[in-house]
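Just below is one structure, and these are the notes that go with it.
There are 2 protein chains.
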Amino acid sequence: MNHVAERAGVSLKTVSRYVNGETNIAPELGERIAAAIAELGYRRNLAAASIRPGQASRLIGLIISDLANPYYSALAAAAEQEVMAQGYVLVVSSSTDDIARYDHLVSRLVEQRVDGLIIVPPRGGHDRIDSDSLLSPAVFLDRPPLSGGADCVLADNRGGARSAIEALLNGGLRQVAFLSDSLEVFTIRERWLGYLETMACHGVDPVSLPNWTGAHSREEAKAGAIRLLQETEVEAFFTANNRATLGALEAMQETGIQRPIIGFDDFESASLIGGGISVVRQPVEEMGRAAAQMLLAKMTRETSQQQQVVLPTELVLRGSEAR
Amino acid sequence: MNHVAERAGVSLKTVSRYVNGETNIAPELGERIAAAIAELGYRRNLAAASIRPGQASRLIGLIISDLANPYYSALAAAAEQEVMAQGYVLVVSSSTDDIARYDHLVSRLVEQRVDGLIIVPPRGGHDRIDSDSLLSPAVFLDRPPLSGGADCVLADNRGGARSAIEALLNGGLRQVAFLSDSLEVFTIRERWLGYLETMACHGVDPVSLPNWTGAHSREEAKAGAIRLLQETEVEAFFTANNRATLGALEAMQETGIQRPIIGFDDFESASLIGGGISVVRQPVEEMGRAAAQMLLAKMTRETSQQQQVVLPTELVLRGSEAR
DNA sequence: CTGAAAGCGCTAACAG
DNA sequence: CTGTTAGCGCTTTCAG
Numbered sequence: 005m006n007h008v009a010e011r012a013g014v015s016l017k018t019v020s021r022y023v024n025g026e027t028n029i030a031p032e033l034g035e036r037i038a039a040a041i042a043e044l045g046y047r048r049n050l051a052a053a054s055i056r057p058g059q060a061s062r063l064i065g066l067i068i069s070d071l072a073n074p075y076y077s078a079l080a081a082a083a084e085q086e087v088m089a090q091g092y093v094l095v096v097s098s099s100t101d102d103i104a105r106y107d108h109l110v111s112r113l114v115e116q117r118v119d120g121l122i123i124v125p126p127r128g129g130h131d132r133i134d135s136d137s138l139l140s141p142a143v144f145l146d147r148p149p150l151s152g153g154a155d156c157v158l159a160d161n162r163g164g165a166r167s168a169i170e171a172l173l174n175g176g177l178r179q180v181a182f183l184s185d186s187l188e189v190f191t192i193r194e195r196w197l198g199y200l201e202t203m204a205c206h207g208v209d210p211v212s213l214p215n216w217t218g219a220h221s222r223e224e225a226k227a228g229a230i231r232l233l234q235e236t237e238v239e240a241f242f243t244a245n246n247r248a249t250l251g252a253l254e255a256m257q258e259t260g261i262q263r264p265i266i267g268f269d270d271f272e273s274a275s276l277i278g279g280g281i282s283v284v285r286q287p288v289e290e291m292g293r294a295a296a297q298m299l300l301a302k303m304t305r306e307t308s309q310q311q312q313v314v315l316p317t318e319l320v321l322r323g324s325e326a327r
Numbered sequence: 005m006n007h008v009a010e011r012a013g014v015s016l017k018t019v020s021r022y023v024n025g026e027t028n029i030a031p032e033l034g035e036r037i038a039a040a041i042a043e044l045g046y047r048r049n050l051a052a053a054s055i056r057p058g059q060a061s062r063l064i065g066l067i068i069s070d071l072a073n074p075y076y077s078a079l080a081a082a083a084e085q086e087v088m089a090q091g092y093v094l095v096v097s098s099s100t101d102d103i104a105r106y107d108h109l110v111s112r113l114v115e116q117r118v119d120g121l122i123i124v125p126p127r128g129g130h131d132r133i134d135s136d137s138l139l140s141p142a143v144f145l146d147r148p149p150l151s152g153g154a155d156c157v158l159a160d161n162r163g164g165a166r167s168a169i170e171a172l173l174n175g176g177l178r179q180v181a182f183l184s185d186s187l188e189v190f191t192i193r194e195r196w197l198g199y200l201e202t203m204a205c206h207g208v209d210p211v212s213l214p215n216w217t218g219a220h221s222r223e224e225a226k227a228g229a230i231r232l233l234q235e236t237e238v239e240a241f242f243t244a245n246n247r248a249t250l251g252a253l254e255a256m257q258e259t260g261i262q263r264p265i266i267g268f269d270d271f272e273s274a275s276l277i278g279g280g281i282s283v284v285r286q287p288v289e290e291m292g293r294a295a296a297q298m299l300l301a302k303m304t305r306e307t308s309q310q311q312q313v314v315l316p317t318e319l320v321l322r323g324s325e326a327r
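Respectively, the protein sequence lines represent chains S and G. By the count of this note's numbering, the first sequence reaches residue 327 at its end, each step adding exactly one. By the count of this note's numbering, the second sequence reaches residue 327 at its end, each step adding exactly one.
Pasting the structure below:
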C-alpha cells in the first residue's frame with residue numbers, strides 16, 4: 005500500500021480510503037491510485053486489515069458432521085449462498101462426529117477470528133465450550149447444543165417421525181420397525197421418540213432387535229434390516245435417516261422380501277426406486293439459510309434475543325408406504 | 005499476549021515462544037504462562053500471526069461449481085480431509101459456474117491470503133487470471149485451466165466415455181444417444197469426443213436432437229430424453245453426467261419406454277434403481293486427495309515441476325447396459 | 001534460555 | 001478532501 009501511495013504521489017491513507025470504497029476522494033487522485041494499483045499488481049491484504057479490533061475477518065466458520073454426506077453439504081451450500089451475498093466466505097470443516105476433532109475445530113476457527121460460527125454439534129457432545137467461550141456469535145444447526153439455551157435451527161424431527169408412523173399405521177400395518185443410526189444423535193433420538201409415541205398411541209409395541217445399537221453405515225443398516233426381515237414379524241420399516249433407508253432397500257432387494265417403507269430425509273433418486281420411495285422431507289435449504297440469516301443478524305444487532313427455530317417437515321408419499 | 009506476559013511475569017516474546025510450541029523455555033515459566041493463559045481465557049490470533057511476510061495463513065481456498073452437487077461436495081470432502089491432516093482449513097466457495105462470480109471469488113481468496121488454491125474453473129472460462137497473478141500456488145481440479153500449462157488433476161473422461169460406448173455397442177445396440185449438460189464444460193466435451201470417436205470407430209452415426217444445446221438441470225435432461233425417445237430411433241442412452249442420468253431414467257419411467265443406459269458418475273442409489281444402473285465411476289476421492297497433496301507439495305517444495313494427473317475411471321456394469 | 005526493539009499491512013483518530 | 005501519527009497482535013532480528 006505504501007508503494008502504491010508513493011507511485012500515485014498520495015499518502016498511504018488516501019490509498020486506504022480508495023480501496024475501501026470511500027467516496028471522499030478527488031477523482032483525479034482516484035485515477036492515479038487505480039493506475040498505480042494496476043501497474044504494481046497490488047492486492048490488498050484482508051488478514052492485515054482485520055486484526056484491528058472492531059474490524060471483521062469476513063469469514064464465517066461452519067462445522068458439520070461430514071461434508072461428504074449430501075444432507076450436510078446441502079445445508080452448507082444453503083448457508084454459503086446466504087452468507088456470500090453479504091460478502092462473507094465460509095470456512096467449512098467436518099467433525100466426523102468426533103468430539104476431539106470438533107473441539108479442535110472450534111479452537112481453530114476461534115483463533116482464526118471468524119466473525120461467526122454455524123455449528124452442527126457432534127453426537128454425544130459435551131457440556132463445556134458449547135456456545136460460551138466462543139468470542140464470536142454462534143448458531144447451532146440441525147442439533148441443539150447439549151447445554152441448551154442457544155440460538156438454533158432444527159427440523160421438526162419428532163413431528164416428522166409421527167407423520168410417517170401415522171401413515172404406516174393408518175394403512176393397516178402394525179409391526180413397524182425403527183431402523184437407523186445410533187440414538188446418541190439428537191435427531192435420531194427425536195425421531196425415535198416420535199416413533200415410540202405414535203406406536204404407543206395406537207396401542208402397538210415397537211419392533212426391535214435384541215442388542216441393537218444403531219447402524220453407522222449403509223452396510224450396517226442393511227445387515228440390521230436383513231435381521232429384522234428374518235428374525236421378526238416386521239411388516240414395515242421406518243428408516244430414520246438416509247443411509248438407513250438405502251440399507252433397508254438393499255436388504256429388501258437382496259432378500260426379495262418386500263415391505264412398506266418410509267424414510268427420513270428425501271434423496272435424489274427417491275422417485276426412481278421401485279415406483280417411488282416415500283419420505284419425510286426436511287426443509288434443508290431453509291434450514292441452512294435460516295441459520296445463516298440468524299447468525300448474520302446476531303452479528304450486527306447486539307440485542308437479539310435467543311431463538312429456537314423449528315422448521316416443519318413434509319411427508320412425501322410416493323407409494324412405498326403401502327407396497 | 006501482552007496481558008498474559010504481564011500476568012506470568014515474563015516477556016511478550018516468551019509467551020510467543022510458548023504458544024508456538026518452541027521448546028527452549030524453562031519448564032517453570034511454561035507453567036506460569038499456561039496458568040495465565042487459562043485464567044485470562046487468552047486465545048491467540050492466527051490472523052495477526054499471519055500478516056508477517058513468510059508466515060502462512062493456514063487457509064486453503066477451494067472453488068468448486070456447486071457445493072450442493074454431491075459430486076463436487078465429495079471432491080471437497082476428500083480435499084478437506086487431506087488438508088486438515090496438515091493443519092490447514094478449507095475456505096469453500098461455489099462459483100455456480102458463473103465467470104463473474106468466479107473472478108470475484110479468486111480475488112477474495114487471494115486477498116484473504118490463502119496459502120494455496122484448489123480450483124474447478126468455471127465453464128466457458130477465460131484466459132486471464134488463470135494460474136497467474138494468484139500469488140499463491142494453485143492446483144486445478146476436474147477441469148484444466150483454459151490457458152493450459154498448470155498443475156491439474158483430471159479424470160480420464162474420454163476413456164471413460166469410450167468404455168461406456170464400447171459396452172453398449174458390443175451389446176449389439178447401434179443408435180446410442182448422447183445426453184448431458186452443455187459442451188461448454190470441459191468434462192462434458194471430453195466425454196462427447198469419446199462418444200464420437202467410438203461411434204465413428206464402429207461405423208455408426210451419432211444420434212442427436214436438432215438444436216439441442218445441453219441440459220443444465222435434471223428437468224431439462226428429462227425433457228431431452230423424452231424428445232429422443234419420441235422423435236428418434238434411439239436404442240440406448242449414454243448420459244454424460246449425473247443429472248442427465250437421473251433425467252433420462254425419469255423420462256423412461258414416465259413414458260414407459262425402457263432403453264439400455266450407461267451414465268457417467270456413480271451415485272448413491274444406482275444399484276437400487278430398476279435392477280441396477282451401469283455407470284462410469286470417477287475416482288472422486290482420489291481426485292480430491294491428489295489435488296490436495298499436489299498443492300501441499302507445491303507449497304513446500306519450490307522446485308516442483310508442473311504436472312497433469314489423469315486418473316482412470318471404472319466401468320461398473322449393473323445390468324442396465326443391456327436392459 | 002530470555003528480552004527489547006522494530007515492523008508486518010492496515011485502519012482510526014485527529015489535524016490541516 | 002488529504003495527510004500524520006499511533007497501534008492492532010504478533011514474530012523476527014539481535015543482544016544479553
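Where a beta carbon is used, it is the ideal one built from N, C-alpha and C, also for glycine.
Listed in chain order, the non-local C-beta contacts of residue 261 of chain S below 6 angstroms within the same chain comprise 233, local neighbours out to five positions each way being set aside. Within the same chain, Cβ atoms closer than 8 angstroms to the Cβ of residue 16 of chain S are found at 5, 6 and 9, the five residues on either side in sequence being excluded. Residue 144 of chain S is a Cβ neighbour of residue 123 of chain S, given a cutoff of 7 angstroms.
As computed with DSSP, residue 65 of chain S is found in a beta bridge with S:95 and S:121. Judged by DSSP secondary structure, residue 297 of chain S falls within the alpha helix (DSSP H) whose first and last residues are 288 to 304.
Remark: three or more beta-carbon pairs, one from each stretch, lie closer than 8 angstroms, so the region 88 to 106 of chain S and the region 50 to 70 of chain S are flagged as touching. Residue 292 of chain S places its beta carbon less than 7 angstroms from that of residue 79 of chain S. As a beta-bridge residue in DSSP terms, residue 318 of chain G pairs with G:285.
Counting along the chain, residue 164 of chain S sits inside the alpha helix (DSSP H) bounded by residues 161 to 174. With a threshold of 7 angstroms between beta carbons, residue 56 of chain G makes no contact with chain S. With respect to chain G, the C-beta atom of residue 148 of chain S has no partner C-beta closer than 7 angstroms. Neighbourhood of residue 70 of chain S in chain G, by CB distance below 8 angstroms: 81, in chain order.
Pairing residue 271 of chain S with residue 244 of chain S gives a Cβ-Cβ distance that is not under 7 angstroms.
Contacts with chain G at 7 angstroms (Cβ-Cβ) do not include residue 157 of chain S. Counting of Cβ neighbours within 10 angstroms places residue 39 of chain S among the exposed residues, the total staying below 16.
Residue 210 of chain G counts as exposed, since fewer than 16 other beta carbons sit within 10 angstroms of its beta carbon. Assignment of residue 312 of chain G by DSSP, reduced to helix, strand and coil, places it in the strand class. Not a single CB atom of chain G sits nearer than 7 angstroms to the CB of residue 225 of chain S. The beta carbon of residue 158 of chain S is closer than 6 angstroms to those of 314 in its chain, skipping five residues each way along the sequence.
Within the region 253 to 267 of chain S, the residues whose Cβ lies closer than 8 angstroms to any Cβ of chain G are, in chain order, 253, 254 and 257. By the C-beta density criterion, residue 205 of chain G is exposed, having fewer than 16 other C-beta atoms within 10 angstroms. Taking C-beta atoms as the reference points, residue 99 of chain G and residue 126 of chain G count as a pair closer than 7 angstroms. If you look at residue 183 of chain G, you'll find it in the beta strand (DSSP E) that goes 180 to 183.
If only complete runs of 4 or more residues are kept, the region 228 to 284 of chain G shows the alpha helix (DSSP H) at 246 to 259, in order along the chain.
Linking residue 275 of chain S to residue 147 of chain S through their CA atoms gives a straight-line distance of about 28 angstroms.
One Cα belongs to residue 37 of chain G, the other to residue 153 of chain G, and the distance between them is close to 50 angstroms.
At a beta-carbon threshold of 8 angstroms, the residues of chain G lying near residue 94 of chain S are 95, 96 and 97, ordered along the chain.
At a beta-carbon threshold of 7 angstroms, the residues of chain S lying near residue 51 of chain G are 51, 54, 55, 61, 116 and 117, ordered along the chain. Using a C-beta cut-off of 8 angstroms, the region 52 to 61 of chain G makes no contact with the region 21 to 37 of chain S, since fewer than three inter-stretch Cβ pairs fall below that distance. By the Cβ rule, the region 189 to 197 of chain G does not count as touching the region 295 to 305 of chain G, because fewer than three pairs are nearer than 8 angstroms. In the structure shown, residue 145 of chain S falls within a strand segment according to DSSP collapsed to helix, strand and coil. Rounded to the nearest angstrom, the gap between the Cα atoms of residue 255 of chain G and residue 224 of chain G is 10 angstroms. Ranking G:248, G:230 and G:177 by CA distance to the CA of residue 220 of chain G puts G:248 first.
Taking 7 angstroms as the cut-off, the Cβ atoms of residue 227 of chain G and residue 252 of chain G do not count as close. Excluding its 5 nearest sequence neighbours in each direction, residue 113 of chain S has C-beta neighbours in its own chain below 8 angstroms: 65, 67, 95, 97 and 121, listed in chain order.
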